[in-house]
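Note sheet for the following structure.
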Amino acid sequence: MNIRIIKLSLLALALTGVPSAAQKKPLKQIEQLVTRNEAEPALVFLAADEMRGRDTGSPELNIAANYIATEFRQLGLSTLPGANGYFQQVPMAWKPSVSQAVLTINQSTLALKDDLAVLNGEETSWSGEAVLITPASEMTDNLKGKLVVCMFSADESASFSKARTASNERYAKLTQLGAAALVEVLPSASVNWEGVVSRYSGAKVSIDQNEKAMPRLWVRSNDYEGITNLSAQSYASAKLTIRRNPGRKLNTKNVIAMIPGTDPKLKEEYIMVCAHYDHIGVGRPVNNDSIYNGARDNAVGTVALLMSARYFSKFPAKRSMLFMACTGEEKGLLGSEWYANHPLVPLNKTVFNVTSDGAGYNDKTRVTVLGYDRTTGSPLLDQACLALGLKASDNPKPEMDIYAGSDNYNFARKGVPAIDFSPGFTGFDEELMKYYHQPPDEAASLDYDYLMKYFKAFVYTNHLIANSSAVPYWKPGDPFEATGKALYGK
Ligand SMILES: [Zn+2]
33 MNIRIIKLSL LALALTGVPS AAQKKPLKQI EQLVTRNEAE PALVFLAADE
83 MRGRDTGSPE LNIAANYIAT EFRQLGLSTL PGANGYFQQV PMAWKPSVSQ
133 AVLTINQSTL ALKDDLAVLN GEETSWSGEA VLITPASEMT DNLKGKLVVC
183 MFSADESASF SKARTASNER YAKLTQLGAA ALVEVLPSAS VNWEGVVSRY
233 SGAKVSIDQN EKAMPRLWVR SNDYEGITNL SAQSYASAKL TIRRNPGRKL
283 NTKNVIAMIP GTDPKLKEEY IMVCAHYDHI GVGRPVNNDS IYNGARDNAV
333 GTVALLMSAR YFSKFPAKRS MLFMACTGEE KGLLGSEWYA NHPLVPLNKT
383 VFNVTSDGAG YNDKTRVTVL GYDRTTGSPL LDQACLALGL KASDNPKPEM
433 DIYAGSDNYN FARKGVPAID FSPGFTGFDE ELMKYYHQPP DEAASLDYDY
483 LMKYFKAFVY TNHLIANSSA VPYWKPGDPF EATGKALYGK
């Protein structure tokens, strides 16, 4: 630090009192460090056509990973024990689509796509007993080795994300109990079936598990005879066949670094700043352009992360900071899921997560914070955004669970208070959808005046959270409050 500035700021402290000087100083430092000269080249690099849309598992995504690691190295950031330099390898595999799936219960047969979607399942040829449970049933050892059929409740199947969340919990529990398979039945005319099939019937990238994953299937409706005749009291004969060719392993990684805190006590607490750096690669051409550059989604977030690392490398916070560029977000939040299950700093020392990710922006007067009202951090968010002339606002589409749509969700699920600090959007209108997961989402189409304000507000938010006397926490009654309590023992 420049000594002249220290003298001047001491004078300012004496003249104007602590609060205003303390507020102005970090902002001024942010203004000096977070500049268009720094941000624009990084955005242009990450979103260049040569990066071919940064698909997970592609060589270009690993070029981006090297670029981010090089930035971390230049800034002098620390590596973490358990990582390979700045990299956390994430075992993923590409799997071709399921070529055949047949489920027979009580002599009634269901087939792939028309009646069945395969959410999990390797090559399988199984026969045994099926048993019916309800969402309220207690799941016990009796289910070991059985094909477990469960009807979604009306509430569970109210939306795709609710069905998926309920299913994930059931699936995890049954895997633990050693069940043979989980078959979940949607009430007639509930979740959009074509959507389910297109999401799950194709080739996909997933975490490469060591053990064979237990098969999980969704059935289109509860009208099938074999299923309506099932009962909770008796077993029925069942057969399940899944045909799927072997896939291939992918080389992909999270890029992660740390800056130790300056406060002897608070340095034991870590703020996790993250942004996914992958996008969706090359696809169907639109106006002869097949490269989905992902400038907004999420080169912008990656640069926000780099700007934050740059600021804290010069002005460390009281708390320790973690910076993670996540892989595989577009494949289902896979990089952050892997990290949350294999953290390099214990999650009960990770006290807050700020993610930078968004679909783009259609309102340049604001920042949209998913989770704005879920933690006690909202006054800090207001303060940081207002300082840059922006308004901090909540999810404009509360009926859509978009909070679960990015890496923040994998921290929240473990109990870590988490927000997604997204560029300002008021809904999925034409202006937004023109770029969202489309080839025109290129660096040349970005509004740098707005983005510079967004980047600074992001860094300032991180600064306020990392230096606050009490770190923001879940608001009472939040669905994740109990998980947080279990995690931190408070
Ligand atoms: Zn994204």
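Quick note on numbering: the working numbering labels position 94 of the sequence shown as 126, and the sequence is numbered without any gaps. For every residue, glycine included, the Cβ atom is placed at its ideal position computed from N, Cα and C.
(request) For Phe77, I'd like the list of residues in its chain whose CB is within less than 7 Å of its CB, leaving aside the five on either flank, ordered along the chain. (result) Within the sequence shown, the letter at position 45 stands for residue 77. For Phe77, where only same-chain residues beyond five positions count, the Cβ hits under 7 Å are Tyr99.
(request) Grab the span of the alpha helix (DSSP H) containing Gly459 for me, first residue to last. (result) Within the sequence shown, the letter at position 427 stands for residue 459. Segment: none, Gly459 is in no alpha helix (DSSP H) and carries neither H nor E.
(request) Quick one: residues in its chain with C-beta nearer than 7 Å to the C-beta of Thr156, no 5 flanking neighbours on either side, listed in chain order? (result) Translated into positions along the sequence shown, residue 156 becomes position 124. Contacts found: Pro247, Leu272, Thr273, Ile274.
(request) May I have a chain-ordered list of the beta strand (DSSP E) segments no shorter than 3 residues that lie completely inside the region 246–332? (result) 248–251, 268–275, 280–282, 285–291, 302–308, 314–318, 321–323
(request) Helix, strand or coil for Thr102, going by three-state DSSP, please let me know. (result) Within the sequence shown, the letter at position 70 stands for residue 102. Here Thr102 sits in helix by DSSP.
(message) Please tell me whether Thr382 and Met290 are closer than 8 Å, where the distance is taken between their beta carbons.
(response) Working through the sequence shown from its first residue, we reach residue 382 at position 350. Working through the sequence shown from its first residue, we reach residue 290 at position 258. Their beta carbons are not under 8 Å apart, which means Thr382 does not touch Met290 by this criterion.
(message) Judging by CA-CA distance, which residue of Asp510, Gly437, Val66, Glu72 is the nearest neighbour of Ala475?
(response) Here residue 475 refers to the residue found at position 443 when the sequence shown is read from its first residue. Comparing Cα positions, the closest option is Glu72.
(message) Please tell me whether Gly447 and Ala518 are closer than 8 Å, where the distance is taken between their beta carbons.
(response) In the sequence shown, residue 447 corresponds to position 415, counting from 1. In the sequence shown, residue 518 corresponds to position 486, counting from 1. Going by C-beta atoms, Gly447 is nearer than 8 Å to Ala518.
(message) Here's a check: name, in chain order, each residue in its chain whose Cβ is nearer than 6 Å to the Cβ of Pro123, leaving out the five neighbours to either side.
(response) The sequence position of residue 123 within the sequence shown is 91, counting from 1. Excluding positions up to five away in sequence, the list reads Asp240.
(message) Out of Asn224, Val335, Asp452, Lys363, which one is the CA nearest neighbour of Gly89?
(response) Residue numbering aside, residue 89 sits at position 57 when the sequence shown is read from its first letter. Nearest C-alpha to Gly89: Lys363.
(request) Can you tell me the Cβ-Cβ gap for Phe184 and Val217, rounded? I've got them flagged as a contact below 8 Å. (result) As a working mapping, residue 184 is identified with position 152 in the sequence shown. As a working mapping, residue 217 is identified with position 185 in the sequence shown. That belief holds up - the Cβ atoms of Phe184 and Val217 are roughly 7 Å apart, short of 8 Å.
(request) Compute the beta-carbon to beta-carbon distance between Ala307 and Thr387, rounded to the nearest angstrom, for a pair I have assumed lies under 8 Å. (result) The residue labelled residue 307 in the question sits at position 275 within the sequence shown. The residue labelled residue 387 in the question sits at position 355 within the sequence shown. The pair is a contact, with the Cβ atoms about 7 Å apart (cut-off 8 Å).
(message) According to DSSP, is Leu107 part of a helix, a strand, or is it coil?
(response) Here residue 107 corresponds to residue number 75 of the sequence shown, with the count starting at 1. In this structure, Leu107 counts as coil in the three-state DSSP scheme.
(request) Could you give the DSSP three-state label for Ala213: helix, strand or coil? (result) Here residue 213 is taken as the residue at index 181 of the sequence shown, counted from 1. Here Ala213 sits in strand by DSSP.
(request) Kindly provide the ranges of any alpha helix (DSSP H) runs that are 4 or more residues long and lie completely inside the region 409–497, ordered along the chain. (result) 410–419, 440–444, 462–465
(request) Examine the Cβ distances between the region 340–347 and the region 317–332 and report whether three or more of them are shorter than 8 Å. (result) no
(request) Measure the Cβ-Cβ separation of Gly114 and Leu376 and say whether it is below 8 Å. (result) Your numbering for residue 114 matches position 82 in the sequence shown. Your numbering for residue 376 matches position 344 in the sequence shown. Yes. Within cutoff.
(message) Threshold first: 3 residues or longer. Then list the beta strand (DSSP E) segments lying entirely within the region 336–393, N to C.
(response) 352–358, 382–387
(message) Using 8 Å as the threshold, is the C-beta distance between Phe119 and Val335 below it?
(response) Start at 1 with the first residue of the sequence shown, and residue 119 comes out as number 87. Start at 1 with the first residue of the sequence shown, and residue 335 comes out as number 303. No.
(request) Whole angstroms is fine: what's the gap from Leu420's alpha carbon to Asp321's? (result) Taking the first residue of the sequence shown as 1, we reach residue 420 at position 388. Taking the first residue of the sequence shown as 1, we reach residue 321 at position 289. Taking the straight line from one Cα to the other gives about 36 Å.
(message) Bridge partners for Gln121 per DSSP, in chain order?
(response) Sequence index remark: in the sequence shown, residue 121 carries index 89 (1-based). Note: Gln121 sits in a beta bridge opposite Lys285.
(message) Taking 6 Å as the limit between beta carbons, can you name the residues of its chain near Tyr520, skipping five residues before and five after?
(response) Locating residue 520 in the sequence shown gives position 488, where the first residue counts as 1. Once the five neighbours on either side are set aside, the close Cβ partners of Tyr520 are Asn380.
(message) Tell me whether Asp329, by its Cβ, gets closer than 7 Å to a heavy atom of ligand 1.
(response) As a working note, residue 329 is residue 297 in the sequence shown. Indeed, a heavy atom of ligand 1 lies less than 7 Å from the Cβ.
(message) Looking only at its chain, what residues have a beta carbon closer than 8 Å to the beta carbon of Thr345, apart from the 5 residues adjacent to it on each side?
(response) Position 313 of the sequence shown, counted from the first residue, corresponds to residue 345. Thr is not the amino acid found at residue 345; the sequence shown has Ser there. If we look at Ser345 and ignore the five residues flanking it on each side, its Cβ neighbours are Leu107, Gly108, Leu109, Ile291.
(message) Check for me: the beta strand (DSSP E) holding Ser131 runs from which residue to which?
(response) Taking the sequence shown and counting its residues from 1, one reaches residue 131 at position 99. Counting along the chain, Ser131 falls outside any beta strand (DSSP E), and DSSP gives it neither H nor E.
(message) Restricting to Cα atoms, I'd like to know which of Ala444, Glu257, Phe384 is closest to Leu298.
(response) By 1-based counting over the sequence shown, the position of residue 298 is 266. The residue with the shortest Cα to Cα distance from Leu298 is Phe384.
(message) For Gly516 and Glu201, what's the separation of their Cα atoms in angstroms?
(response) Counting from one through the sequence shown, the residue named residue 516 turns up at place 484. Counting from one through the sequence shown, the residue named residue 201 turns up at place 169. Near 17 Å, if we compare the C-alpha coordinates of Glu201 and Gly516.
(message) Considering just the uninterrupted stretch of the beta strand (DSSP E) at Leu75, what are its terminal residues?
(response) Working through the sequence shown from its first residue, we reach residue 75 at position 43. Per DSSP, Leu75 belongs to no beta strand (DSSP E); it is in the alpha helix (DSSP H), 68–78.
(message) If you follow the beta strand (DSSP E) that Val181 is in, where does it begin and where does it stop?
(response) Against the sequence shown, residue 181 aligns to sequence position 149. Counting along the chain, the beta strand (DSSP E) containing Val181 begins and ends at 179–183.
(request) Please confirm whether Asp452 and Gly403 have their CB atoms less than 8 Å apart. (result) Within the sequence shown, the letter at position 420 stands for residue 452. Within the sequence shown, the letter at position 371 stands for residue 403. Yes, the pair counts as a contact, with Cβ atoms nearer than the cut-off.
(request) Indicate, with yes or no, if ligand 1 has a heavy atom lying under 7 Å from the CB of Glu216. (result) In the sequence shown, counting from the first residue as 1, residue 216 sits at position 184. It does not: the Cβ of Glu216 is nowhere closer than 7 Å to a heavy atom of ligand 1.
(message) Is Ser388 close to ligand 1? I mean its beta-carbon at under 7 Å from any heavy atom of the ligand.
(response) One-based indexing of the sequence shown puts residue 388 at position 356. False, no ligand heavy atom lies under 7 Å from that Cβ.
(message) For Lys244 and Glu462, what's the separation of their Cα atoms in angstroms?
(response) Position 212 of the sequence shown holds residue 244. Position 430 of the sequence shown holds residue 462. Each residue's alpha carbon lies about 43 Å from the other.
(request) For the region 507–516 and the region 434–450, state whether three or more C-beta atom pairs, one from each stretch, are separated by less than 8 Å. (result) yes
(message) Using the Cβ count rule (16 or more neighbours within 10 Å means buried), how would you classify Val215?
(response) Here residue 215 refers to the residue found at position 183 of the sequence shown. Buried: at least 16 other Cβ atoms inside 10 Å.
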